[in-house]
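Visitor: Residue numbers (this note's numbering), protein chains in the order written: chain Z, 847 to 1223; chain R, 3 to 603. Every residue gets a Cβ at the ideal spot worked out from N, C-alpha and C, and that includes glycine. All figures in this text were calculated on a predicted structure; none of them were measured in a lab. I'd like to ask some things about the structure below.
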């Protein structure tokens, strides 16, 4: 079965957080820790709907803050995942963590169950910017957490956010260099976005927050490319950088538009060409799983051409770009018949490069990736 | 059963917009039992939703009511008139079918520009005028002042004016009595051969064309063979009747009566408004004095956003024209916009109404270009050509003389705003004719001005300068020579023909600079730099640049929530829906109207 139809990857969501940061638009539950036990139980039941164990190459536990779970619940979760989603011997198992939620005990638990990679939400090393983002950790928590992980687990990734109101390009530069000193295998740099409905979005609408200008955001994005490339990182996806051989295999499944399982509140899955997303409401999720119902929020199945366009837009985000042969095999569409005119136009503008076998974004193309994708859809 | 001529009164109500004409008409219907209190709703005569919404009447709908006075039964035919300046031709049409007119004036707003214009129109038609002061029950009514204004501006004796309130039903009987007592009965000769004046028509999808006619002489009968005198077409009257106020069939209409008839006419273009209907077997010797159909003076291009909607647009336009013969359309082709139609309107309001109807009745996404007036060009070869689109202006070398329509425009406004208005008129190439004071506080200001200077935003400007108290009316004087040029707009090096405008040479630089600046704000940034230039011939007179998008990437992928990401992209793409692609540039609908916007800033 081809990997774009049959999943070899799984995402598991844990919504609990010590605090809901103002910019965050993930399925998050704060201040309802009494639900944790029920939730892990429900998650186990949802996994059990697989009927039989499904071997996978990658697992990604995201949140929320998965490491916010108490050690016994964390252990329970890891055990359920191992039971239903046995990982290939050379597989990748990632988990997201906040710096303050990690300690030696939890790291040992993760390592013992086979977690291979920890993605730490550092976001910034400036106390003021952390405050503005409503993060509850201190800059010093990050090196402590990295050190803690290193004791047992090989791969560390750091998440950093740029474009925070009040942030200067120099601030950002210092964040990048501070992160590099911790020698992560992987760095993800996210431009701050104002997602509709979040407290940050409301403050922006109300005029209390002024987003950074485009010039600053551009300068920051370029700085990340310059600094991280100089440090030996590959810019393998518009917002992801990795040392050679250390790319996040799980995230590459998304950008390839391949299939993946999803479990937990708000989790998305893509199985046999059908996209589904679970409810974002933790109470509702628990209730529905216990009632034996599918906890779905939405589902969609795109017609072949739209699916092909989606594949094109996603794959273009990768440094490896879109390979004509693979694209044809995966989507059934000829790349040039589908989008030749647009691609030529973008190539003339220097936004993409095309060597005949493969189409990929140039540096300036990466800067306007979303505008470019919108034109391709 | 026909009513004897001496017991018929045919009249119109002439008024400035919003002076309460429709409400008064509704009171007539209620008072005479034509409608019941239950049926009484505001503005029965305004058929179309849009008219009701905007409180204005465009389509004329005659209505027949019966009124008992001094032991006699009278048939009163009210022929409605539109109240807006765009439709003065239609007012004229209505008046030709009447012997009298109620001159309705708002007791607070007083004499306004259209009051004066319509009053003189009525005098031209030799009508008996019954002045009525409306809304006298309003606490802010300034009855004596307004009576004085009427005397000053219209030579109406205060003692002649009746006082009424359409809303409260005050003085309605007095007005009805005055109609009978003051307006003369129709002068028609019942025994002469049939002569009936066609003053309007409408298209009914079941009945075909319904013709509105006023019988002048003789009698029109059902199954009668009739002849339309202008073209000689012979038809048979299939059905006929009167609006009481709904269509009520009858077997004949006698001299002086007003009603409708159907004669298997399929297309309203087959009925000429102003034509004379006569008996085919016993024809009259000469037709009645008709009148000219209004010529559209304001044109703009209407284009479907999707070129494949062209035929659907044609159908929608054809449907609109079924009931509005003053609106015209012709296919045209624009390099930038593809295939569309050049549409002609009586004026700006007319244009706006047509556009709203189109959008309401069809699901079409439309782009419309800025309106322009017609122009006359005398070529070097001595030919005169009429231009309805800037795209059709020949090369400068072929133009001997460029001519534009001039109007006589009258403003009625508070005297304190005269200075501001005169300045505004001077900026618009206005030629001062005269001022006349109605009272120390209110004056009439008369100018001659190019029509092109008033179709954009003059009305809005007048309202803003006078805080809403100024009104205007205009009449076309004819074409006059002027030093005009075509100003072209180039977007990314490509001339966008639909953005071309015709301007006075002295204004070209200023207009060009403003236009490119405005367009810079209307066109979204693209992935590449876009130059916007204004040019006269090959000479560039202004330039603005739209910088390319530099950064547009939001990175986070929500735990594999690709649907959300795709929707974000789709949203960016959807913003382009109402846009027209010209070369590589997406131009929004608003940009094509940029030229319309106020000159401020």
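Expressed to the nearest angstrom, what Euclidean distance is found between the alpha-carbon atoms of residue 875(Z) and residue 568(R)?
Guide: In a straight line, the C-alpha of residue 875(Z) is about 26 Å away from that of residue 568(R).
Visitor: Any contact of the region 112–127 of chain R with the region 23–34 of chain R, i.e. 3+ C-beta pairs under 8 Å?
Guide: no
Visitor: Scan the region 849–888 of chain Z and note each continuous beta strand (DSSP E) run of 3 residues or more that stays entirely inside, going in chain order.
Guide: 855–860
Visitor: Relative to the C-alpha of residue 591(R), which residue among 524(R), 566(R), 356(R) and 310(R) is closest?
Guide: Checked all of 524(R), 566(R), 356(R) and 310(R); the closest Cα to residue 591(R) is 524(R).
Visitor: Can you give me the start and stop residues for the beta strand (DSSP E) that residue 1204(Z) sits inside?
Guide: 1204–1207
Visitor: Taking buried to mean at least 16 other C-beta atoms within 10 Å of its own C-beta, is residue 535(R) buried or exposed?
Guide: buried
Visitor: State buried or exposed for residue 1042(Z), treating a residue as buried only when at least 16 other CB atoms are found within 10 Å of its CB.
Guide: exposed
Visitor: I'd like the span of the alpha helix (DSSP H) that includes residue 461(R), first residue to last.
Guide: 460–467
Visitor: Relative to chain R, which residues along the region 1029–1057 of chain Z have a C-beta separation below 7 Å, given in chain order?
Guide: 1036, 1037 and 1039
Visitor: On the DSSP letters alone, give me the boundaries of the beta strand (DSSP E) that residue 370(R) sits inside.
Guide: Residue 370(R): member of the beta strand (DSSP E) spanning 368–370, first to last residue.
Visitor: In angstroms with no decimal places, state the Cα-to-Cα distance between residue 966(Z) and residue 851(Z).
Guide: 31 Å
Visitor: Have a look at 362(R), 242(R), 374(R) and 147(R) and flag the residue whose alpha-carbon is nearest the alpha-carbon of residue 393(R).
Guide: Taking only the C-alpha atoms, the option nearest residue 393(R) is 374(R).
Visitor: Spatial neighbours of residue 901(Z) within its chain, please: CB distance less than 7 Å, with the 5 preceding and 5 following residues excluded, ordered by chain position.
Guide: 932 and 934
Visitor: What's the gap between the Cα of residue 175(R) and the Cα of residue 183(R)?
Guide: 12 Å
Visitor: Thinking residue 1227(Z) and residue 1046(Z) are a contact (beta carbons under 8 Å), I'd like their distance in whole angstroms, please.
Guide: Any property of residue 1227(Z) remains undetermined from this structure, which presents chain Z solely from 847 to 1223.
Visitor: Can you give me the start and stop residues for the beta strand (DSSP E) that residue 965(Z) sits inside?
Guide: 963–969
Visitor: Report the residue from 1152(Z), 1174(Z) and 1200(Z) whose alpha carbon sits nearest the alpha carbon of residue 571(R).
Guide: 1152(Z)
Visitor: Take residue 383(R) and list the residues in its own chain whose beta-carbon comes closer than 7 Å to its own, dropping the five residues that flank it on each side.
Guide: none
Visitor: Could you check where the alpha helix (DSSP H) with residue 1221(Z) kicks off and where it finishes?
Guide: 1215–1222
Visitor: Quick one: grab the DSSP three-state call for residue 1130(Z).
Guide: Residue 1130(Z) falls in the helix class under three-state DSSP.
Visitor: Where do the N-terminal and C-terminal ends of the beta strand (DSSP E) with residue 1084(Z) fall, by residue?
Guide: Per DSSP, residue 1084(Z) belongs to no beta strand (DSSP E) and is neither H nor E.
Visitor: If you scan the region 10–35 of chain R from start to end, which runs of the alpha helix (DSSP H) of 4 or more residues do you find wholly inside it?
Guide: 23–33
Visitor: Put residue 397(R) into one of helix, strand or coil per three-state DSSP.
Guide: coil
Visitor: Under three-state DSSP, which class holds residue 506(R)?
Guide: strand
Visitor: Please confirm whether residue 547(R) has its beta-carbon closer than 8 Å to some beta-carbon of chain Z.
Guide: no
Visitor: Below 8 Å between beta carbons: does that hold for residue 1022(Z) and residue 1074(Z)?
Guide: yes
Visitor: According to the Cβ coordinates, are residue 978(Z) and residue 1002(Z) closer than 8 Å?
Guide: no
Visitor: Find the residues of chain Z that neighbour residue 493(R), judging by a C-beta separation of less than 9 Å, and give them in chain order.
Guide: Correct list: empty, because the minimum Cβ distance to chain Z is about 16 Å.
Visitor: Residues of chain Z with CB closer than 8 Å to the CB of residue 564(R), please, in chain order.
Guide: 1100, 1103, 1114, 1116, 1121, 1156 and 1160
Visitor: If the criterion is Cβ atoms closer than 8 Å, does the pair residue 474(R) and residue 464(R) meet it?
Guide: yes
Visitor: Could you give the C-beta distance for residue 81(R) and residue 132(R), rounded to a whole number, given that I count them as a contact under 8 Å?
Guide: That belief does not hold up - the Cβ atoms of residue 81(R) and residue 132(R) are roughly 14 Å apart, past 8 Å.
Visitor: Cβ of residue 45(R) less than 8 Å from any chain Z Cβ?
Guide: For residue 45(R), the predicted structure reports a pLDDT of 46, less than 50, and the residue's modelled location is therefore unreliable. The matter cannot be settled from this model.
Visitor: Could you say which of 446(R), 350(R) and 377(R) lies nearest to residue 458(R) if we only look at CA atoms?
Guide: 350(R)
Visitor: Name the DSSP bridge partner or partners of residue 335(R)?
Guide: 341(R)
Visitor: Of all Cβ atoms in chain R, is any one closer than 8 Å to the Cβ of residue 863(Z)?
Guide: no
Visitor: Closest by CA to residue 97(R), which one among 340(R), 143(R), 13(R) and 139(R)?
Guide: 13(R)
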